[in-house]
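Colleague: Heads up: the sequence shown begins at 1 in the UniProt record's numbering, then just goes up one per residue.
Positions of the beta carbon are idealized from the N, C-alpha and C atoms, including for glycine.
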Amino acid sequence: MSMKRFLSRSSARKTSTSSTGKNDDVQPQAGSSASFTADLAPTVSNQSGESHDSIKELRPMFNQRGDGQSVNSSQYDMMHLNLNPTILNSTKMASSTKGSTIQDSVFSSRQSYSTNQSSYRSDVSAKRKLDFVASQPLQILNILEENEHQNLEDLIRDNLKQLSQDLSYVVNQFNNSTINLSTAVINTIDCLKKFIVFIEKAKVHEPSNTDFSFTAYNSSSVRKILKIYLHMYDNLLRDEVYIKLKLLLVKNFNDFAMVLNHADLDQQTGTNPEEVVKPKNYAIGTNRQSLLPHEDVLIKIMDRISQSSLSMKEQNGAFIAPITRGISKDLNILCLYFGYPDPKEYHYNLIQGLQGLYEEIHIILMKDQIELASSKEESIPMPPPPAQKFKLPFRVPTEGEQIPMSMSLSIEKATRTSGTVGGYIYPIIDLEKQPHLKSYANAKFAVSCGHVCLDSEDPENYPNVSSPSSVLISLYKDALTQQYHKSLHNNAKDSKAAFGAMLQQLESMFPLKKISPDEVRNLPKTRFGQIIWGERTLLTVGETDEVNQVSGVVEKKLSDLAIIKLNKNLKCDCNYLGDDVPFNEYDPALMFDNLYVKKVLDLKRYAPKVVRTDIHDVDSEISNYDSTINNNYYGLETFKMGATTKYTRGCLNGIKIVYWMDGQINSLEFVVSLETTFASGGDSGSWLLTKLEDGSGLGVLGMLHSYDGQVKQFGLFTPMSEILKRLETVTGIKWSVL
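1) How should Ser8 be labelled, buried or exposed, when 16 other C-beta atoms within 10 angstroms of its C-beta is the threshold for buried?
2) Determine the extent of the beta strand (DSSP E) in which residue 769 is found, giving its start and end residues.
3) Within 10 angstroms of the Cβ of Pro719, are there 16 or more other Cβ atoms? Answer buried if so, exposed if not.
4) Whose C-beta lies closer than 7 Å to the C-beta of Asn187 among residues of the same chain, with five residues either side of it excluded?
5) Leaving out the 5 sequence neighbours to the left and right, which residues in its chain are closer than 6 Å to Glu153 when beta-carbon positions are compared?
6) For residue 793, list the residues DSSP reports as bridge partners.
7) Please say whether Gln289 and Gly709 have beta carbons closer to each other than 8 Å?
8) From Glu722 to Lys193, what distance separates their C-alpha atoms?
9) Is the stretch 560-567 touching the stretch 662-676, taking contact as three or more C-beta pairs under 8 Å?
10) Hey, how far is the Cα of Ser466 from the Cα of Leu472?
11) Consult DSSP for Gly642 and reduce its assignment to one of helix, strand or coil.
12) Measuring CA to CA, which of Val259, Met232, Met258 is closest to Leu247?
13) If you drop the 5 nearest sequence neighbours on each side, which residues of the same chain put their C-beta closer than 6 Å to that of Ile351?
14) With which residues is Ile186 paired in a DSSP beta bridge?
15) Counting only runs of 3+ residues fully inside the stretch 574-600, write out the beta strand (DSSP E) ranges in chain order.
16) Please look up how many angstroms separate the CB atoms of Lys244 and Asn287, rounded, as I've assumed it's under 8 Å.
17) Once you ignore the five residues that flank Asn261 on each side, which residues in its own chain have a CB closer than 6 Å to its CB?
18) Give every residue of the same chain whose Cβ lies closer than 6 Å to the Cβ of Ile143, excluding the five residues on either side of it in the sequence, and list them in chain order.
19) Identify every residue that forms a DSSP beta bridge with Phe212.
20) For Asn461, I'd like the list of residues in its chain whose CB is within less than 7 Å of its CB, leaving aside the five on either flank, ordered along the chain.
21) If you run the structure through DSSP and keep just helix, strand and coil, what is Asn281?
22) In this structure, how does DSSP classify Phe678 when only helix, strand and coil are distinguished?
23) On the three-pair Cβ rule with 8 Å, is the stretch 247-258 touching the stretch 273-283?
24) Go to Gln530, then tell me how far its beta strand (DSSP E) extends in each direction, as first and last residue.
25) Using the C-alpha atoms, what's the distance from Ala318 back to His705?
26) If I'm right that Cys572 touches Gln402 with Cβ under 8 Å, what's the distance once you round it to whole angstroms?
27) Note the first and the last residue of the continuous beta strand (DSSP E) segment covering Met720.
28) In the DSSP assignment, find the beta strand (DSSP E) that holds Tyr707 and state where it starts and stops.
29) According to the Cβ coordinates, are Leu298 and Pro322 closer than 8 Å?
30) Taking the alpha-carbon positions, what's the Lys486 to Ala498 distance?
31) Considering only residues of the same chain and omitting the five flanking positions on each side of Ala414, which have a CB-CB separation below 7 Å?
32) Where Ala283 and Arg223 are concerned, what is the direct C-alpha to C-alpha distance, given to the nearest angstrom?
33) Is it buried or exposed, Asp53, if we count other Cβ atoms within 10 angstroms and call 16 or more buried?
34) Relative to the C-alpha of Cys335, which residue among Val259, Arg304, Leu230 is closest?
35) Which of the three DSSP states, helix, strand or coil, is assigned to Lys557?
36) Check whether the Cβ atoms of Lys556 and Leu539 sit closer than 8 Å, and answer yes or no.
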């Protein structure tokens with residue numbers, strides 16, 4: 001179509017255009033809607049920039065009306081718009097020219113045409129009707145979303161992911177100083193409340209589909225949420241000023257955990273439903289049915305630290321413990337627990353910087369330290385006077401009967417250091433091949449820690465050993481004497497008589513004996529035994545000084561043990577917990593045969609293998625870790641009977657602890673307490689025991705020698721298999737437990 005032809009049509013309708021430039025709608029006759037499209041002509045515009053030279057190439061954006069429909073734009077049904085603005089109509093018509101004007105251009109001799117939108121200066125815009133029906137906006141098309149076809153479990157999974165993203169955004173706002181800490185915690189609580197409301201509404205709509213359970217072991221979103229919660233609780237809200245805000249956060253997170261799992265939280269934790277569960281520590285491997293992701297990463301991290309060849313100096317007793325932390329056995333995540341005797345601001349800033357390394361590994365810094373589990377206390381708690389029955393605060397073997405395990409122990413002249421008799425062992429001697437060892441064939445030996453039994457003033461001496469501990473006997477006598485003199489001063493005859501009788505009984509049970517030319521002490525009538533060998537040193541791992549392929553240094557391990565030859569007058573035929581303590585009050589299964597040790601559980605160290613030299617990232621494969629080693633024992637519930645803390649329980653951790661002691665980096669197996677306290681001073685030497693699953697009796701894991709001095713929730717031990725192997729190396733004779 002030429003421009004002249006187009007202009008000739010417009011001139012035929014020139015009479016319909018007013019002199020003011022405004023136009024009225026052309027009213028077509030009935031049945032002429034088709035001709036209207038053909039006769040539609042643009043009007044003159046005085047704007048030369050609005051040239052309409054290419055008008056014939058434009059296609060309509062909306063579908064044409066069928067016959068019999070009105071062409072009045074004010075009567076268009078907006079719902080018939082083509083929602084997909086694809087040019088499909090083949091009719092060549094320019095709807096944008098409706099209502100335009102045509103005038104002589106002042107800049108050109110030719111006429112120009114307006115290209116304004118179709119509603120420009122038309123009846124639709126000029127005389128807008130109020131009773132038309134608006135169409136649905138294009139940006140909210142009614143498209144079915146995926147979650148309309150999802151079940152309840154999938155919906156919860158999606159909302160958990162959204163919740164983790166929202167909480168991460170809140171933490172980022174705090175880190176960027178956009179909001180303060182109080183606002184961040186309140187926003188976190190609001191997010192948790194919204195999720196709880198969503199779960200409750202979802203259960204109402206689908207009451208038959210509520211069998212779901214999301215834990216840290218099957219949901220990445222739960223692990224991320226747990227980390228943010230623990231980071232706020234342990235690190236951000238550590239000051240006392242935030243105590244109310246911290247309790248509010250704990251309460252709301254408990255509510256979140258209750259709706260998250262089909263099983264009630266109180267059933268998982270064994271607590272009162274009304275009790276608020278605060279975060280606590282668990283051993284790696286506590287949930288023995290499944291593993292947490294990135295456990296291999298923690299193994300590699302701890303392996304590199306423990307075998308580091310870099311020269312370093314840290315606070316004595318500082319440590320890093322790889323554990324899990326959370327509120328139940330199903331809701332916990334991996335955690336690096338940093339303990340410092342005197343944490344500085346530098347340490348807190350360092351921990352804050354490490355938080356972002358892994359989304360699912362929590363990092364915590366506490367005032368804590370590794371200490372030897374030997375008693376250095378100044379006094380013994382006194383029973384309330386007057387006592388109806390004379391009962392000693394420490395265990396005493398019954399004369400003529402089997403001596404039990406876990407009695408207190410010290411060398412006879414010790415004044416402060418006291419420990420625990422772990423158990424009893426014997427050498428396996430073949431008299432035909434080793435006739436010179438005939439005197440040791442029927443001998444029995446006790447095992448305890450070297451730092452308890454060795455004489456620090458004379459290391460070459462082989463001191464005599466007292467059990468019960470001479471330190472505890474002296475402290476108890478001093479306490480009774482002090483109370484006796486106090487009764488004399490107050491003229492309290494009843495108390496004076498009671499304490500006087502107790503002192504007399506103590507003197508009869510533990511008579512005074514000379515331990516040096518100028519010193520006497522109260523000791524048991526029958527001497528317990530004598531030290532024949534002991535050590536506290538770092539030994540090379542393996543038979544030769546092989547260089548570790550990971551660190552380039554020779555690996556070391558701590559050996560802290562002492563061997564005591566028992567007095568032949570003492571009856572010792574087995575490792576027996578004893579019947580003087582009601583162990584069935586702690587565990588109903590600890591009766592009859594379950595009071596005897598019958599097996600040594602073999603805990604082996606793994607040796608990192610050769611790795612590629614081009615690997616420098618800690619996330620890369622450092623060593624081929626054999627997951628079968630110790631795998632059956634990780635998370636194993638164990639207990640110990642110490643001279644100080646008595647019966648305590650814990651779980652064997654899946655990764656060794658790394659700590660700095662006496663100028664050396666040490667790496668050892670450890671137990672995480674199930675209660676508030678696992679060990680304390682005076683528990684050194686006690687054996688870690690567990691109930692055998694394949695039969696009656698107890699199995700021994702190792703011997704306790706250290707603990708964390710502040711919180712007292714970690715117990716460091718040497719595996720019994722390594723103790724027996726070390727004795728075989730030193731003596732050339734195989735050893736076994738009674």
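Modeller: This is what the structure holds:
1) In this predicted model, Ser8 has a pLDDT of only 45, less than 50, meaning its place in the structure is not dependable enough to derive any value.
2) In the structure displayed, the chain extends from 1 to 738; residue 769 sits before or after that span and is not available.
3) buried
4) Val170
5) Phe212
6) The structure shown does not extend to residue 793, since the chain spans only 1 to 738, so no value can be given for it.
7) no
8) 52 Å
9) no
10) 10 Å
11) strand
12) Met232
13) Ile363, Leu365
14) The partner list for Ile186 (beta bridge, DSSP) is empty, contrary to what the question assumes.
15) 597-600
16) Lys244 to Asn287, Cβ: 33 Å. No contact.
17) Ser213
18) Low confidence applies here, because Ile143 scores a pLDDT of 45, under 50, leaving its location unreliable; read the following figure in that light. For Ile143, where only same-chain residues beyond five positions count, there are no Cβ hits under 6 Å.
19) Phe212 is not bridged to any residue.
20) Asp455
21) strand
22) coil
23) yes
24) 529-540
25) 16 Å
26) 7 Å
27) No beta strand (DSSP E) contains Met720, which is instead part of the alpha helix (DSSP H) from 720-731.
28) 698-708
29) yes
30) 12 Å
31) Ser470, Val471
32) 17 Å
33) Here Asp53 scores only 48 on pLDDT, less than 50, and its place in the model should not be relied on; the value that follows carries that caveat. Exposed is the call here.
34) Leu230
35) strand
36) yes
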